[in-house]
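Just so we're aligned, residue 77 is where the sequence shown starts under my numbering, counting upward by one. From the three backbone atoms N, C-alpha and C, an ideal C-beta is built for every residue, glycine too. Input: a single structure, listed below in structure tokens.
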Amino acid sequence: MPYLALIDRFRAFLRKPSAVLVTSGFSFRDEHINEVISQALYANPSLIVFALMFGEIEQYGKATQTAQRHRNLSVLAENAAVVGRRQGPWHGSGAADTIAAYAPAVILNPENRVRFRLGNFATLGEFLDAIVGQNPTPSTL
Numbered sequence: 077m078p079y080l081a082l083i084d085r086f087r088a089f090l091r092k093p094s095a096v097l098v099t100s101g102f103s104f105r106d107e108h109i110n111e112v113i114s115q116a117l118y119a120n121p122s123l124i125v126f127a128l129m130f131g132e133i134e135q136y137g138k139a140t141q142t143a144q145r146h147r148n149l150s151v152l153a154e155n156a157a158v159v160g161r162r163q164g165p166w167h168g169s170g171a172a173d174t175i176a177a178y179a180p181a182v183i184l185n186p187e188n189r190v191r192f193r194l195g196n197f198a199t200l201g202e203f204l205d206a207i208v209g210q211n212p213t214p215s216t217l
């Protein structure tokens, strides 16, 4: 029964106008939760879901397929993203100064390619700590 109650509360939240859900560590491999999220994305066009993924986007076929069906789901992985149903790599390799302003959320790797890092729990925690003012100068991981 606790599981059903939690799912009902989750559904109710996703039905709210202009609801925003940020997932971290959810791979979209749980069909029960996927169904709830997909139904909500379809039924509530003002719902926005950001899925922060750890590692390369190629590991998350189910998540990218879902995002390609729903404009209001963005899948953000280290090397690429699906935003507005369109998938592509991160751009901006020539903008090192601009990218440095977003450290540790976004970094340049040794090949000078943009890497989105908020799918990493440690980086996400550091980033959230920095934006709430607890640590105004985060270090890059």
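My output table needs one value for residue 121: the three-state DSSP class, helix, strand or coil. coil
Helix, strand or coil: how does DSSP classify residue 114 here? helix
Hey, out of 113, 137 and 82, whose CA is closest to residue 91's CA? 113
Kindly indicate the opening and closing residues of the alpha helix (DSSP H) around residue 86. 78-91
Do you know whose CA, among 145, 115, 111 and 96, lies nearest residue 126's CA? 96
Between which residues of its own chain and residue 122 is the CB-CB distance below 6 angstroms, once the five residues before and five after are set aside? 93 and 94
Is the distance from the Cβ of residue 147 to the Cβ of residue 162 below 7 angstroms? no
Assuming the contact rule is C-beta atoms closer than 8 angstroms, residue 192 and residue 152 should be a hit. Round their C-beta distance to whole Å, please. 6 angstroms
Coarse secondary structure for residue 164, derived from DSSP in three states: strand
Thinking C-beta only, is residue 196 closer than 7 angstroms to residue 130? yes
Between the alpha carbons of residue 105 and residue 136, how many angstroms are there, rounded? 9 angstroms
Spatial distance of residue 167 from residue 188 (CA atoms): 11 angstroms
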